[in-house]
Every structure is written in structure tokens, then in C-alpha cells.
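The numbering of the sequence shown is the numbering used here, which starts it at 44 and goes up by one.
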Amino acid sequence: MTDYSSVFFDYAILKKPMLFYMYDLEDYKDSIRGFYFGIDRLPGRIVTRQEELPE
């Protein structure tokens, strides 16, 4: 599980499932930093609410 960190690029080598916890996605996507590419291309599920996190 990660957020907006680029650490997922390194983790991808392991070919294991990824989960992106982006609780503040609406604020972050409009910030100056933005994204390198569309979040629809992320290699895993995106979760925006704590209730959606696996136990």
C-alpha cells in the first residue's frame, strides 16, 4: 500500500498486488505537483476512503 509516492515503481519488480490509498485525491489532483500520468494507468486499486481499506 502506498499513496502518491514513486516507491511503487520499485515495488512493481516484485509483481505483487498494489493498493493506492489516496484519501485526499480531490485536493491533490488539482495541486501544482499533479501526476506524471493519469491515475487510471496505476498498476493497482485506488482507495479514497478509509472504510475501503482491507483489514
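Backbone N, C-alpha and C fix where the C-beta goes; we use that ideal spot for every residue, glycine too.
- Here the alpha carbon of Y64 sits roughly 10 angstroms from the alpha carbon of S48.
- For the pair of segments examined, the stretch 50–59 was found not to touch the stretch 67–77: the number of CB pairs separated by less than 8 angstroms stays below three.
- Per DSSP, I82 has no beta-bridge partner at all.
- Rounded to the nearest angstrom, the gap between the Cα atoms of R92 and L68 is 10 angstroms.
- Taking 7 angstroms as the cut-off, the beta carbon of L62 is found closer than this to the beta carbon of G87.
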